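As they're listed, the protein sequences go chains U and Y.
So the first sequence is numbered by numbering that gives the first Met the number 0: it starts at 0 and just counts up by one.
So the second sequence is numbered by numbering that gives the first Met the number 0: it starts at 0 and just counts up by one.
Everything on this sheet refers to the single structure shown next.
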Amino acid sequence: MKAMDRARSILDVLRQVSTASEVNWIHRRRNTIMAGTGSPVSGSGAVASYSVRIQRNGKAGTSGAEGRIRPTALAEEAICSARSGPDFDYELPSDNPPVDGFDSRAPLPSHQEALDFVNRLALLAKASYPGALLSVKVAWGRDLVGIVNSMGLSGEYLRNRVRVDATVSAATGDGLYRSASGFEAAELPSPEDALGWLFPGLKHAGAPPETVVGRKTVLFAPPALGVLLQAVRTGVSGRTLLDGASPLAERQGEKVLSPLLTVREAPRHGSCASSAPFDTEGVPTGDKALFRKGVFNGFIYDLASGFQAGLPSTGNAGKNLGGHPMPVCTNLLVDPGAGGTLEEMAARMGSGVLVSSILSAEGSNAACGDMLLDCGTAWAVSGGEITGRVSGCLISGSAYEILAGVTDVGGFPGRTGSDLLPPVTSEGVRIR
Amino acid sequence: MTTPGDAMQDIRERAERAVQSSEADFVEVRLERVLALELAQAGRRVLSTGPVRRDGCTVRALVSGNWGFAWGSGFMSLETLVDRAAGAALAGGGGGGEAFTAPAPERGSFSPGTAEPFRQVPLKDKAFLCRHYCELLGMTNPGASARVDYSETVRDRVVVNSSGTSVREVEELCGIRMQAALPGNITSSRVIACRGGMENVRHREDLVREIAEDLARRASPSGPTPGVVPAVLGPELTGMLIHEAFGHLAESDLPGRCPALQALVNPGRRVGAECLNIVDDPTHYRMPGSCSWDDEGTRGTRAVLVSGGVIKNRLHTLSTAAKEGVPPAGNARAWGAGSIPAARMRCIILEPGQGGRDDLLKAMENGVYLKGCLGGATDMDRFSIIAESGWTVRRGRLEKPLGPVVVTVASSTP
């Protein structure tokens with residue numbers, strides 16, 4: 000049975016027990032290659048999952064399943080969930096969302112192309128730093144994503160996804176260098192680009208240890224900037240605003256970040272992995288600048304938070320299997336600046352610290368923007384050159400203040416997660 | 000939530016037939032049926048995920064020294080997946096020669112009973128329990144935001160392989176997390192995570208009281224002066240320390256295991272004082288990581304990792320155990336359908352020494368006492384753990400309260 004037909008059969012059951020209802024599905028097909036010290040291991044698989052949401056007695060109920068789909072079980076579980084669910088006092092959309100640009104089947108990499116990519120990546124890592132040992136997992140495939148609801152809306156689209164996760168380790172003069180990183184995209188990049196995005200600074204792995212404390216100028220490579228932007232992802236959510244937790248409340252139209260920063264939510268970007276023509280509630284998505292030249296433009300909403308705020312949905316609903324929708328960002332983009340390459344930015348910075356990855360942000364409170372970042376890999380920069388490796392470097396402070404202090408934006412964005420971000424330099428960052 | 004019927008037994012028998020009819024050198028089938036529910040009460044707002052049901056099948060095949068694998072949701076295509084895994088091993092581009100010793104066959108089923116199975120408790124009762132704890136947290140901590148999260152998972156798992164292993168285990172996991180936060184990012188939380196039923200999360204008003212007392216003490220905490228200081232760690236933080244600083248390093252199939260990394264956990268290396276004894280014991284069936292058989296069908300057994308401060312063993316899968324010529328102890332763990340089992344910690348235990356907290360504080364004289372755990376991470380080169388709160392210690396006594404403290408240490412430091 001086709002996914003849309005199966006979803007309609009589930010919807011038929013839900014209609015009998017609810018005032019309004021919707022069914023979402025994702026069919027994921029993936030091929031994988033894992034390579035490390037031994038022979039590469041290949042695999043393939045497919046997963047079909049269905050989520051439902053119903054409106055019953057003014058409350059929302061949800062359930063979900065992967066594998067065998069039994070419409071009556073999904074309905075029964077959603078009814079139970081609705082008994083203690085949140086209020087559902089808004090209308091589901093009825094107009095079919097446009098899917099133009101998402102209905103074509105761009106070619107996926109072949110198994111051999113993926114294997115060549117993995118082998119080349121390992122060679123490049125070794126060339127970058129002798130003895131560097133790389134473990135890589137590449138997963139690639141296609142998602143079929145769709146929705147039907149009781150208002151007559153239906154929509155379905157295809158998207159390609161390629162995920163690369165890698166770990167590098169190497170012996171150094173004083174011990175060990177190790178780092179793990181990953182990104183997602185709509186297509187397989189060149190191994191040269193991928194290595195630069197995954198492990199900026201790898202060639203300096205053998206730099207001598209240094210200690211840095213105090214207020215410093217810090218150059219954040221894309222993986223580190225991606226972690227800082229977690230605060231923005233949470234802060235711009237209309238749900239965070241309604242919960243009274245967003246530091247961006249009543250700051251719409253104000254300059255919050257550096258004027259060098261334009262941060263975009265780009266769900267229609269062709270090369271990013273989380274792109275979608277409509278959100279999980281069937282509302283059309285649209286690219287938007289969250290911050291234009293540092294000025295905060297506005298919050299993102301799903302149907303529920305938008306209704307509560309008296310505003311329409313911005314097409315930003317996202318959810319986990321069987322969960323309730325929440326306003327979420329998809330692909331974050333920061334506009335490239337005039338800063339050139341990472342090396343050129345380090346040279347211009349003169350002295351400071353280059354942070355290429357974050358080991359842990361668990362002491363942070365992303366909602367209020369207070370960050371406590373344990374930098375996994377950081378480098379001391381002096382005279383525009385990397386002179387040492389900084390171990391145990393902790394960055395603390397408000398993410399918004401750090402982003403307000405940005406004085407240089409790189410010209411070449413790198414992929415981290417599903418985001419596309421250039422390096423940025425910020426002054427006066429507290430390191431302890 | 001409906002109870003999973005014994006359809007799993009029929010599927011298990013199908014899997015047994017499928018592996019025996021395969022021409023691959025070794026085949027392993029893992030079947031999983033997972034039922035999960037998450038509930039949260041944040042102030043007056045109710046959040047929930049599920050109930051969610053996941054059926055998945057993962058097949059791994061060894062052909063001429065190369066591994067291949069295939070997975071799918073549901074069990075319909077089990078036989079096809081066996082063929083696809085063998086095909087992936089042939090077409091994967093590997094050079095062969097993967098070390099592997101077929102395991103001794105294991106057979107059996109294990110489903111420990113619980114006093115109050117959560118599948119028999121209506122969802123609205125669980126929501127009521129969350130609301131009850133959340134309201135108590137709000138009342139006892141004026142001005143604080145309160146949140147209570149409840150989660151439950153039933154994992155019905157079958158592992159069948161061509162060596163004759165056929166095992167089935169049902170894990171019922173239940174947990175609750177209570178948290179209150181005062182303005183200024185002062186938070187206190189308590190977590191219960193058990194293998195068992197609702198009896199573990201009912202009548203835990205004592206945790207609400209502990210949180211209130213904790214927040215009252217820490218109304219105006221200060222940050223510690225950065226530097227190298229002696230510290231006594233509370234039990235949660237000690238657990239995280241062992242997990243991050245030693246446990247992950249001891250996982251034999253760690254990605255990117257270069258010789259320098261390997262050298263940090265070679266048996267015979269001293270990693271601590273004589274009083275340091277660490278074991279991994281999956282037979283503590285109330286603990287969330289416990290198992291009768293792991294995800295490769297190996298029986299879970301107690302393994303001594305560190306004795307008298309010296310490394311004795313590492314954690315293994317069948318493959319890494321074969322490479323090193325040691326017996327596996329049931330540490331293979333997969334993260335659901337589509338993932339290959341990896342060597343992971345089960346129930347890591349730091350064996351008790353002598354004396355209590357106050358004895359340790361007296362012995363330390365001056366330093367810090369850190370407790371509660373907000374998290375931890377490691378890149379193997381070094382690790383960090385984050386204490387929820389602490390105190391400065393002067394002349395063996397607790398002195399001034401501290402806010403969250405980050406502890407970072409190089410892994411090569413004993």
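Where a beta carbon is used, it is the ideal one built from N, C-alpha and C, also for glycine.
Since the structure is predicted, the reported quantities are computational estimates derived from the model, not experimental observations.
When only Cα atoms are considered, Y/Ala336 and Y/Glu31 end up about 7 Å apart.
The beta carbons of U/Leu420 and U/Gly225 sit closer together than 8 Å.
If you check each beta-carbon in the stretch 71–85 of chain U against every beta-carbon of chain Y, the ones closer than 7 Å belong to Ala72, Glu76, Cys79, Ser80, Arg82, Ser83, Gly84 and Pro85.
The alpha-carbon separation between Y/Val200 and Y/Thr186 amounts to approximately 21 Å. For Y/Leu128, the enclosing alpha helix (DSSP H) begins and ends at Leu122 to Thr139.
With respect to chain U, the C-beta atom of Y/Gly337 has a partner C-beta closer than 8 Å. Measuring C-alpha to C-alpha distances from U/Val147 to each of U/Trp24, U/Ser363, U/Gly375 and U/Phe298 identifies U/Trp24 as the nearest. Where U/His26 is concerned, the enclosing beta strand (DSSP E) starts and stops at Ala19 to Ala34. Under the criterion of beta carbons closer than 8 Å, U/Arg347 and U/Ala206 do not qualify as touching, at roughly 20 Å. Taking 8 Å as the CB threshold, Y/Val62 stays off the interface with chain U. In this structure, U/Ser134 sits away from U/Gly195, with a CB-CB distance that is not shorter than 8 Å. Residue pairing from DSSP places U/Glu155 in a beta bridge opposite U/Gly145. Interface criterion not met: the Cβ of U/Val294 is under 8 Å from no Cβ in chain Y. Using beta-carbon distances, U/His203 does not count as an interface residue toward chain Y, since no partner is under 8 Å. At a cut-off of 8 Å between beta carbons, U/Asp373 contacts chain Y. Between Y/Ala14 and Y/Leu77, the C-beta spacing is below 8 Å. At least one CB of chain Y lies nearer than 8 Å to the CB of U/Asn319.
About 5 Å separates the CB atoms of U/Val51 and U/Val22; that is less than 8 Å, so the two are in contact. Distance from the CA atom of U/Tyr89 to the CA atom of U/Leu302, rounded to whole angstroms, is 7 Å. Between U/Thr284 and U/Ala275, the beta carbon gap of about 6 Å places them in contact (Cβ cut-off 8 Å). Chain U places a beta carbon closer than 8 Å to that of Y/Lys123, counting this residue as a contact.
Distances from the alpha-carbon of U/Gly200 to those of U/Pro96, U/Tyr128, U/Ser80 and U/Glu209 put U/Tyr128 closest. With a cutoff of 8 Å on beta-carbon distance, U/Glu361 and U/Pro324 are scored as not near each other.
The beta-carbon of U/Gly44 is placed less than 8 Å from the nearest beta-carbon of chain Y.
In this structure, U/Ser381 lies near U/Ser350, with their beta-carbon atoms less than 8 Å apart. Under the three-state reduction of DSSP output, U/Trp196 falls in the helix class. Y/Arg106 is classed as exposed because its beta carbon has fewer than 16 other beta carbons within 10 Å across all chains shown. For the pair of segments examined, the stretch 109–116 of chain Y was found to touch the stretch 164–180 of chain Y: the number of CB pairs separated by less than 8 Å reaches three. Of all residues in the stretch 40–69 of chain Y, those with a C-beta nearer than 7 Å to a C-beta of chain U are Arg44, Val45, Leu46, Ser47, Thr48, Gly49, Pro50, Val51, Arg52, Arg53, Asp54, Gly55, Asn65, Trp66, Gly67, Phe68 and Ala69, reading in chain order. The beta carbon of Y/Pro229 sits closer than 6 Å to the beta carbons of Met363 and Gly366 from its chain, once the five residues preceding and following it are set aside; these are given in chain order. With respect to the C-alpha of U/Gly234, the residue from U/Ile78, U/Ala64, U/Val327 and U/Arg67 having the closest C-alpha is U/Val327. Boundaries of the alpha helix (DSSP H) around U/Gln307: Leu302 to Ala308. Nearest C-alpha to U/Ala47 among Y/Leu34, Y/Ala41 and Y/Ser72: Y/Ser72. U/Ala248 and Y/Ser188 have their C-alpha atoms spaced approximately 27 Å apart. Counting only the Cα atoms, Y/Glu27 lies some 7 Å from Y/Val18. Rounded to whole angstroms, U/Arg5 and Y/Val278 show a C-alpha spacing of 50 Å.
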